[in-house]
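**Q** One structure follows; several queries about it will come next.
2 protein chains.
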Amino acid sequence: MFEHHQAYLQALGQQAKQASYALANLSGEQKQQLLSAIAATLTAHSDTILAANRQDVVNARASGLSDAMIDRLLLDKARLNNVIADIDNVIRLADPVGTELESQLLDNGLRLSRRRVPLGVVGVIYEARPNVTVDIAVLALKTGNAVILRGGKETLQSNVALSDAIREAITAQGLPADAVQLIQSADRALVTGLLKLDRYIDMIVPRGGQHLQRLCAEQATIPVILGGIGICHLYADKEVDIDKAIAVIANAKVQRPTVCNALDTALVHRDIAAQLLPKLYRQLADLGVSFYACPQAKALADGFAVDIHDATEESYAQEWLALTLGIKVVDDIDAAIAHIRQYSSGHSEGILTDNIHAAAYFVNQVDASAVYVNASTRFTDGGQFGLGAEVAVSTQKLHARGPMGLEALTTYKWIGVGEYTARR
Amino acid sequence: MFEHHQAYLQALGQQAKQASYALANLSGEQKQQLLSAIAATLTAHSDTILAANRQDVVNARASGLSDAMIDRLLLDKARLNNVIADIDNVIRLADPVGTELESQLLDNGLRLSRRRVPLGVVGVIYEARPNVTVDIAVLALKTGNAVILRGGKETLQSNVALSDAIREAITAQGLPADAVQLIQSADRALVTGLLKLDRYIDMIVPRGGQHLQRLCAEQATIPVILGGIGICHLYADKEVDIDKAIAVIANAKVQRPTVCNALDTALVHRDIAAQLLPKLYRQLADLGVSFYACPQAKALADGFAVDIHDATEESYAQEWLALTLGIKVVDDIDAAIAHIRQYSSGHSEGILTDNIHAAAYFVNQVDASAVYVNASTRFTDGGQFGLGAEVAVSTQKLHARGPMGLEALTTYKWIGVGEYTARR
Numbered sequence: 041m042f043e044h045h046q047a048y049l050q051a052l053g054q055q056a057k058q059a060s061y062a063l064a065n066l067s068g069e070q071k072q073q074l075l076s077a078i079a080a081t082l083t084a085h086s087d088t089i090l091a092a093n094r095q096d097v098v099n100a101r102a103s104g105l106s107d108a109m110i111d112r113l114l115l116d117k118a119r120l121n122n123v124i125a126d127i128d129n130v131i132r133l134a135d136p137v138g139t140e141l142e143s144q145l146l147d148n149g150l151r152l153s154r155r156r157v158p159l160g161v162v163g164v165i166y167e168a169r170p171n172v173t174v175d176i177a178v179l180a181l182k183t184g185n186a187v188i189l190r191g192g193k194e195t196l197q198s199n200v201a202l203s204d205a206i207r208e209a210i211t212a213q214g215l216p217a218d219a220v221q222l223i224q225s226a227d228r229a230l231v232t233g234l235l236k237l238d239r240y241i242d243m244i245v246p247r248g249g250q251h252l253q254r255l256c257a258e259q260a261t262i263p264v265i266l267g268g269i270g271i272c273h274l275y276a277d278k279e280v281d282i283d284k285a286i287a288v289i290a291n292a293k294v295q296r297p298t299v300c301n302a303l304d305t306a307l308v309h310r311d312i313a314a315q316l317l318p319k320l321y322r323q324l325a326d327l328g329v330s331f332y333a334c335p336q337a338k339a340l341a342d343g344f345a346v347d348i349h350d351a352t353e354e355s356y357a358q359e360w361l362a363l364t365l366g367i368k369v370v371d372d373i374d375a376a377i378a379h380i381r382q383y384s385s386g387h388s389e390g391i392l393t394d395n396i397h398a399a400a401y402f403v404n405q406v407d408a409s410a411v412y413v414n415a416s417t418r419f420t421d422g423g424q425f426g427l428g429a430e431v432a433v434s435t436q437k438l439h440a441r442g443p444m445g446l447e448a449l450t451t452y453k454w455i456g457v458g459e460y461t462a463r464r
Numbered sequence: 041m042f043e044h045h046q047a048y049l050q051a052l053g054q055q056a057k058q059a060s061y062a063l064a065n066l067s068g069e070q071k072q073q074l075l076s077a078i079a080a081t082l083t084a085h086s087d088t089i090l091a092a093n094r095q096d097v098v099n100a101r102a103s104g105l106s107d108a109m110i111d112r113l114l115l116d117k118a119r120l121n122n123v124i125a126d127i128d129n130v131i132r133l134a135d136p137v138g139t140e141l142e143s144q145l146l147d148n149g150l151r152l153s154r155r156r157v158p159l160g161v162v163g164v165i166y167e168a169r170p171n172v173t174v175d176i177a178v179l180a181l182k183t184g185n186a187v188i189l190r191g192g193k194e195t196l197q198s199n200v201a202l203s204d205a206i207r208e209a210i211t212a213q214g215l216p217a218d219a220v221q222l223i224q225s226a227d228r229a230l231v232t233g234l235l236k237l238d239r240y241i242d243m244i245v246p247r248g249g250q251h252l253q254r255l256c257a258e259q260a261t262i263p264v265i266l267g268g269i270g271i272c273h274l275y276a277d278k279e280v281d282i283d284k285a286i287a288v289i290a291n292a293k294v295q296r297p298t299v300c301n302a303l304d305t306a307l308v309h310r311d312i313a314a315q316l317l318p319k320l321y322r323q324l325a326d327l328g329v330s331f332y333a334c335p336q337a338k339a340l341a342d343g344f345a346v347d348i349h350d351a352t353e354e355s356y357a358q359e360w361l362a363l364t365l366g367i368k369v370v371d372d373i374d375a376a377i378a379h380i381r382q383y384s385s386g387h388s389e390g391i392l393t394d395n396i397h398a399a400a401y402f403v404n405q406v407d408a409s410a411v412y413v414n415a416s417t418r419f420t421d422g423g424q425f426g427l428g429a430e431v432a433v434s435t436q437k438l439h440a441r442g443p444m445g446l447e448a449l450t451t452y453k454w455i456g457v458g459e460y461t462a463r464r
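See below:
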């Protein structure tokens with residue numbers, strides 16, 4: 041890494057840490073005022089923000105981005121208003137900071153409690169959509185954290201305009217603007233450097249694809265919350281209501297196919313495959329789904345006009361994010377679990393069954409952030425889970441698992457109060 | 041890394057993961073029986089274990105290890121009996137696995153709960169003392185986890201004998217011996233390789249010095265719990281009971297100087313330095329303490345026969361683990377907090393004061409796993425905190441902070457139960 045990168049990142053980290061100390065002192069009410077001020081300033085600067093976004097769109101078209109990508113990065117008046125309106129929802133959430141998780145008087149005379157506190161400094165690396173800039177800044181501030189943002193280069197102008205407005209609002213509240221900092225250079229070396237600022241940053245959240253996740257896992261010396269990759273399965277057990285099972289599978293696949301909790305592979309017990317699969321092919325093909333099926337499953341599609349391919353190791357390991365579904369016939373529940381263990385990304389898995397023992401066994405033996413019985417994988421979501429907000433969806437097991445709400449942006453400290461108490 | 045290392049580590053990881061599935065199914069009672077069987081088998085194999093330890097001691101002497109180091113690795117009949125007796129304490133602890141942290145019926149019809157489950161596979165890297173082999177294996181099994189152990193080469197024979205006995209007991213209970221695996225080669229490349237087995241290992245706990253901690257932070261692609269490094273401070277505020285403050289400082293320094301929660305630097309408000317420091321020098325010198333003091337503090341030692349040196353950047357950054365104490369006079373509480381922010385390892389920090397506002401301010405502004413008011417830093421300990429066991433002391437903020445009890449060896453999964461419920 042170049043020396044000027046090093047110096048830039050060090051300054052960024054120091055400023056964030058310094059700002060975090062001021063944020064740790066704020067009351068819930070002060071943080072609410074801060075967020076209200078941010079909403080107002082964003083509204084006041086709407087024209088500047090939309091103009092910056094138009095520039096991003098012009099650049100995106102010039103560099104040949106697809107219409108779908110351009111739609112993702114586009115902000116219009118209505119979308120920006122929604123982003124700003126969402127701040128009100130965060131304002132209304134309970135502030136987890138300051139809660140004492142337990143408090144006891146120890147035999148040694150010490151009053152010991154565990155108090156929820158901000159993490160300190162959070163680094164978030166994300167792609168495309170500019171609303172993330174506002175979402176993350178607001179969630180971080182709500183929990184008393186400073187944040188360093190690194191957005192995609194496609195939305196740089198928008199992100200600069202948004203973060204400038206946020207920083208203006210922070211300053212106007214008499215707080216350090218560096219509570220929210222945006223890395224404005226598109227240089228990738230800055231990402232690698234950011235991942236090693238363990239002296240200043242307490243947690244890294246990468247919100248992006250497999251490549252970004254691996255980069256963070258491999259390069260970071262800071263704890264990273266991996267997530268957002270969902271290779272999700274539903275297993276239809278032999279004792280199952282076939283029509284209802286198909287309805288859940290269809291929901292999990294087609295209700296919103298481009299997101300991480302959408303279904304990728306349906307596993308079907310061999311005893312019911314001949315009844316379930318022809319119906320499933322027909323219904324899902326009507327919804328525009330194509331299939332990658334094992335030989336046994338493919339044989340059951342004979343005579344239907346469905347788009348069906350041979351399943352492979354690679355297709356089973358695929359997060360489709362599209363109207364495509366893997367299909368595999370399995371001998372029993374253990375074979376289903378073994379398949380899931382091999383291919384799951386630990387996001388969302390489910391069993392469809394009428395048998396209570398099969399359900400309990402599956403729940404116990406499948407290792408994922410969310411395990412469902414007779415429900416769609418699409419439920420794995422901060423909003424659906426009632427968390428009020430979603431920082432990310434974690435697929436790792438430490439600190440936060442599954443949809444991450446405000447608590448995931450906090451840690452705790454032990455507080456021991458004595459009377460000049462010594463240890464015996 | 042050599043290919044045979046790669047193959048060995050892959051097998052190790054796969055076997056551990058496979059064993060973890062069997063452990064996840066055990067009831068609390070079955071795990072208690074397993075631990076009882078381990079205690080009995082260790083007792084039955086005492087002679088073999090002690091003989092192996094004698095071999096380690098012979099080798100240690102031959103390679104010129106210090107008497108202190110040899111004492112650390114020595115097992116005699118009494119020490120081994122203590123290690124085995126400690127298993128009974130773990131048996132009696134409540135099993136955190138299976139607890140439902142919350143359970144609610146969502147508006148969308150889903151019954152959603154969060155259930156505490158084992159992490160899966162835990163990797164522990166440690167140095168010297170052979171009792172850690174038993175401690176960690178027992179705590180991991182108690183929480184339904186498989187464990188991969190990498191002990192120090194100085195205790196290899198002891199660790200082999202101990203883990204062989206543990207594995208024999210596991211097998212006799214009809215469970216997979218690979219629930220506990222010991223890396224028997226001293227090759228350091230295996231440690232680096234272990235840190236990258238993210239497909240199989242869910243958490244790495246390094247129990248060792250700064251060098252090991254940094255190695256893990258830099259090399260691991262698996263979440264690591266850093267900890268065990270304590271650069272600890274006590275700040276004597278201007279409103280303080282001088283004699284009582286000195287007693288707490290003395291306790292924090294001398295009660296057990298070789299451990300991570302022992303005091304490293306005392307910070308003293310300038311208004312009371314002239315009263316406090318001469319007394320402190322005298323009392324602590326009598327207990328064998330030597331000092332590294334700032335110029336202002338050193339001047340106050342004139343005329344005393346104490347061993348006092350000039351404090352430096354390096355001395356302030358030192359975890360002494362010995363009867364040595366840094367001393368610094370500070371202008372006010374903010375200067376004390378600034379010093380702590382610069383040099384603290386985030387382990388244990390404290391304020392000595394009669395002023396309630398100073399205490400609250402310090403607790404809020406100091407970022408450490410444990411923050412004390414009028415108490416010794418020596419309290420940061422799983423036993424003192426009533427956790428019943430101590431896996432390690434974490435100085436990072438994610439997952440577990442401070443003394444880690446059984447819960448730190450668990451995670452949770454979200455469980456959603458519906459009635460063939462789809463998302464709208």
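Residue numbers (our numbering), protein chains in the order written: chain A, 41 to 464; chain B, 41 to 464.
Note that beta-carbon positions come from the ideal geometry of N, C-alpha and C, so glycine has one too.
1) What distance in whole Å lies between the Cβ atoms of residue 316 of chain A and residue 262 of chain A, which are believed to be in contact at a cut-off of 8 Å?
2) Is there contact between the region 138-152 of chain A and the region 425-432 of chain B, where contact requires at least three CB pairs shorter than 8 Å?
3) Which chain A residues sit within Cβ distance under 8 Å of residue 411 of chain B?
4) Where do the N-terminal and C-terminal ends of the alpha helix (DSSP H) with residue 366 of chain A fall, by residue?
5) Drop a sphere of 10 angstroms on the beta-carbon of residue 31 of chain A, count the other beta-carbons inside from all chains shown, and report buried for 16 or more, exposed for fewer.
6) Nearest by alpha-carbon distance to residue 397 of chain B: which of B:464, B:278, B:310 is it?
7) Straight-line CA distance for residue 129 of chain A to residue 339 of chain B?
8) Under three-state DSSP, which class holds residue 273 of chain B?
9) According to the Cβ coordinates, are residue 455 of chain A and residue 406 of chain B closer than 8 Å?
10) Buried or exposed for residue 249 of chain B, going by 16 or more other Cβ atoms inside 10 Å?
11) At least one CB of chain B closer than 8 Å to the CB of residue 257 of chain A: is that the case?
12) Sorted by chain position, which residues of the same chain lie with C-beta nearer than 7 Å to residue 311 of chain A's C-beta, five sequence neighbours on each side aside?
13) For residue 399 of chain A, I'd like the list of residues in its chain whose CB is within less than 7 Å of its CB, leaving aside the five on either flank, ordered along the chain.
14) What does the alpha-carbon distance come out to for the pair residue 331 of chain B and residue 369 of chain B?
15) How far does the alpha helix (DSSP H) with residue 419 of chain B in it extend, from its first residue to its last?
16) When burial is assigned at 16 or more other CB atoms within 10 Å of the CB, is residue 267 of chain B buried or exposed?
17) Just list the residues that DSSP pairs residue 243 of chain B with in beta bridges.
18) For the beta strand (DSSP E) containing residue 406 of chain A, name the first residue and the last one.
19) Does residue 117 of chain B pass the burial test, meaning 16 or more other C-beta atoms within 10 Å, or should it be called exposed?
20) Using C-beta distances below 6 Å, list every residue in its chain close to residue 169 of chain B, excluding the 5 sequence neighbours before and after it, in chain order.
21) For residue 386 of chain B, which residues of its own chain have a beta-carbon under 7 Å away from its beta-carbon, when the five flanking residues on both sides are left out?
22) Extract the residue ranges of the beta strand (DSSP E) inside the region 216-270 of chain A, only unbroken runs of 3 or more that lie entirely within it.
23) Do residue 241 of chain B and residue 161 of chain B have their CB atoms nearer than 8 Å?
24) Flag this pair as touching only if the region 357-375 of chain A and the region 283-303 of chain A have three or more C-beta atom pairs under 8 Å; answer yes or no.
25) Write down every uninterrupted run of the alpha helix (DSSP H) in the region 80-159 of chain A whose length is 4 residues or greater and which is fully enclosed by it, in chain order.
26) Between residue 207 of chain A and residue 358 of chain B, what straight-line distance do the alpha-carbon atoms span, to the nearest angstrom?
27) Would you report the Cα separation of residue 272 of chain A and residue 136 of chain B, rounded to the nearest angstrom?
28) Round the Cβ separation of residue 432 of chain B and residue 265 of chain B to the nearest angstrom and send it over; I've been treating them as touching at under 8 Å.
29) Excluding sequence positions up to five away, which residues of its chain have a Cβ less than 7 Å from the Cβ of residue 458 of chain A?
30) Is it true that the CB of residue 443 of chain A sits closer than 8 Å to the CB of residue 420 of chain A?
31) What does DSSP give as the partner residues of residue 389 of chain A in its beta bridges?
32) So the candidates are B:224, B:246, B:211; which of them puts its Cα closest to the Cα of residue 201 of chain B?
33) Can you list, in chain order, the residues of its chain with a C-beta nearer than 6 Å to that of residue 180 of chain B? Leave out the 5 residues immediately preceding and following it.
34) Can the beta-carbon of residue 441 of chain B be found less than 8 Å from the beta-carbon of residue 453 of chain A?
35) Assign residue 371 of chain B to one of two classes, buried (16 or more other C-beta atoms within 10 Å of its C-beta) or exposed (fewer than that).
36) Mind pulling the alpha helix (DSSP H) runs of 4 or more residues that sit fully within the region 322-358 of chain A?
**A** With the structure as the only source:
1) Rounded, the Cβ-Cβ distance is 46 Å, inconsistent with contact.
2) yes
3) 453, 454, 455, 456
4) First-last for residue 366 of chain A: 364-370, but that is the beta strand (DSSP E), not the alpha helix (DSSP H).
5) Any answer about residue 31 of chain A is impossible in this case: the structure gives chain A only from 41 up to 464.
6) B:278
7) 58 Å
8) strand
9) no
10) exposed
11) yes
12) 278
13) 391, 393, 413
14) 13 Å
15) Careful: residue 419 of chain B lies outside any alpha helix (DSSP H) and carries neither H nor E.
16) buried
17) B:162
18) Counting along the chain, residue 406 of chain A falls outside any beta strand (DSSP E), and DSSP gives it neither H nor E.
19) exposed
20) 112
21) 407, 408, 409, 435
22) 220-222, 243-247
23) yes
24) yes
25) 86-102, 107-113, 117-132
26) 38 Å
27) 28 Å
28) 6 Å
29) 149, 150
30) yes
31) A:273, A:411
32) B:224
33) 162, 187
34) yes
35) exposed
36) 335-339, 353-356
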